[in-house]
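Below is one structure; the comments refer to it alone.
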Amino acid sequence: MTSPEMKRPPQPDFIIGGAPKCGTTSLHFILDQHPEIAFPTDEVNYFDADDPFNWPDLFFERGGRLDYRDPSPENAETRDWYRAKYAALGDMALLGEDSTRYLFSPMVAHRVKQRLPEAKVIFMLRDPVKRAYSEYWHAMKMMRVTTSFEGALTALPQIVAGSTYAPHLQQWIDVLGRDRVHIVLLEDFKTDRQAVMDGIARFIGVEPFSLEGYELWFNKTSYPGKPKLMQWVNALVGRRVSRLRYMGHMRRDTGLREKLANRLYQFYFHKVNPLLLTADRPPEMKPETARYLSRLLSDRNAGLDALLERDLSEVWSSWSPATPPKDERMAAQ
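Numbering (this note's numbering), first residue to last: 2 to 334.
As structure tokens, this is what we get:
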């Protein structure tokens, strides 16, 4: 614990910075049960709130003027909102943040370096094709999808960008240094959760702890029984409702408009949406789409083998890099 005379500022010691649909919710859930660790309840999404690529739903046009969330330190409203998230957690040994799109915003690493100079960052990755497909169905559930998966590859560029890990990881390492960045794979997490958690514990600065007695998060995902029907409903009303979710985000004092918008969103999401989400699994991805994404995402992640120092074809079925891993090239010389 931190002594009273060395009282710490209310800010995170470590950040789960991505990637979405890679097991970060499970990681958050486990770490939050540790007696020395605390998180704000939800994803914070502070340092990238003004990035329209990451968060288009945080941008509104009002009377010809742009309304957006400004996370600059000069903005007292958002700065105090962020600090209050951590002040409310009390005197814990370690404070964490869960903001899973930080990985993909090019300015966040620099902002973290400047404003959280000692914070460490954890990234979880998974097979990039499976991650992209998982994000599509999540976006469908969140009422943001109005087209097929193939159509969404261009309509929602975050689906492909969210599976492009290598250049973003390299930037984070270049900005923060390798000792402040820890990378794990969801596939390893599933195979040997204890070993992965031991590594994370050592990285953030707590003694490795047994997971015996810990609850483990198993995200039971439901899917639309009739995808085309849900696409139509989302286009008709769901997409408009989904934007209401963020109207009060990063506001210290939400007004009546934001409160009513949130209530409408909550009603639609919890009462109407479940009527459409009746399947236990999604349809299989079309083989030609899977082949296309396998090549595209392997090429967009060129160099990831070397960055992680492992042969990713051993853990990712979609991995088909244009060039063989470094050790294979050296053996051929």
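Beta carbons are placed, not taken as given, at the ideal position from N, Cα and C, and that holds for glycine.
As assigned by DSSP and simplified to three states, the class of residue i
i, result
"V316", "coil"
"E98", "strand"
"H183", "strand"
"L265", "helix"
"A140", "helix"
"D33", "helix"
"E289", "helix"
"A89", "coil"
"L67", "strand"
"A156", "helix"
"A303", "coil"
"F61", "strand"
"A167", "helix"
"M108", "coil"
"A333", "Since pLDDT at A333 reaches only 46, below the 50 mark, its modelled position is unreliable, and the value read off the structure follows with that caveat. A333 falls in the helix class under three-state DSSP."
"D199", "helix"
"D51", "coil"
"Y247", "helix"
"L212", "coil"
"G239", "helix"
"P5", "Note that P5 scores a pLDDT of 44, beneath 50, so its modelled location is shaky and nothing firm can be said."
"K131", "helix"
"K22", "coil"
"D175", "helix"
"Q115", "helix"
"R341", "Given that the chain is displayed from residue 2 to residue 334, the structure contains no residue 341 and the question cannot be resolved."
"T192", "helix"
"Q12", "coil"
"W56", "coil"
"V161", "helix"
"V1", "A question about residue 1 goes unanswered here, because the residues of the chain that appear run from 2 up to 334."
Minimum C-alpha distance to residue i - residue among the options
i, options, result
"L32", "E75, L96, D52, E62", "L96"
"A162", "G64, V182, Y137", "Y137"
"A262", "D14, E75, G64, R246", "R246"
"L90", "E62, D306, E37", "E37"
"A167", "L157, A291, L309, S314", "L309"
"V197", "T25, D49, L59", "T25"
"G19", "D312, R132, D281", "R132"
"K142", "P74, P228, G178", "P228"
"Q159", "S243, G178, H139", "H139"
"S73", "I205, A88, Y47", "Y47"
"F204", "Q12, I17, P11", "I17"
"G152", "Y134, T165, K86", "Y134"
"W82", "H250, V207, H169", "H250"
"Y293", "K114, V130, D312, R244", "V130"
"A280", "G226, R194, G206", "G226"
"S27", "L313, L212, R258", "L212"
"F54", "R63, E44, R84, F105", "F105"
"G239", "G65, N274, F124, L217", "N274"
Paired residues, beta bridge with residue i - DSSP
i, result
"Y224", "A280"
"L126", "L186"
"I17", "D99, I123"
"F204", "DSSP output for F204 lists no bridge partner at all."
"A39", "L96"
Under 8 Å between C-beta atoms of residue i and residue j
i, j, result
"S318", "D128", "yes"
"R282", "Y215", "no"
"V109", "L177", "no"
"H35", "F190", "no"
"D306", "P322", "yes"
"S164", "L67", "no"
"Y87", "Q12", "yes"
beta-carbon residue i near the ligand SAH non-hydrogen atom, thresh 7 Å
i, result
"V316", "Ligands displayed in this structure: none; no statement on the ligand SAH is therefore possible."
Item to complete: Determine, using beta-carbon pairs with one atom in the stretch 133-151 and one in the stretch 232-241, whether at least three such pairs fall under 8 Å.
Response: yes
Fill in: Three CB pairs or more closer than 8 Å across the stretch 96-109 and the stretch 287-297
no
Discussion item. Using a Cβ distance threshold of 8 Å, determine whether the stretch 54-62 contacts the stretch 169-186, with at least three qualifying pairs required.
Written reply: no
Worksheet entry | Three-pair Cβ contact test at 8 Å for the stretch 184-201 versus the stretch 69-89 | no
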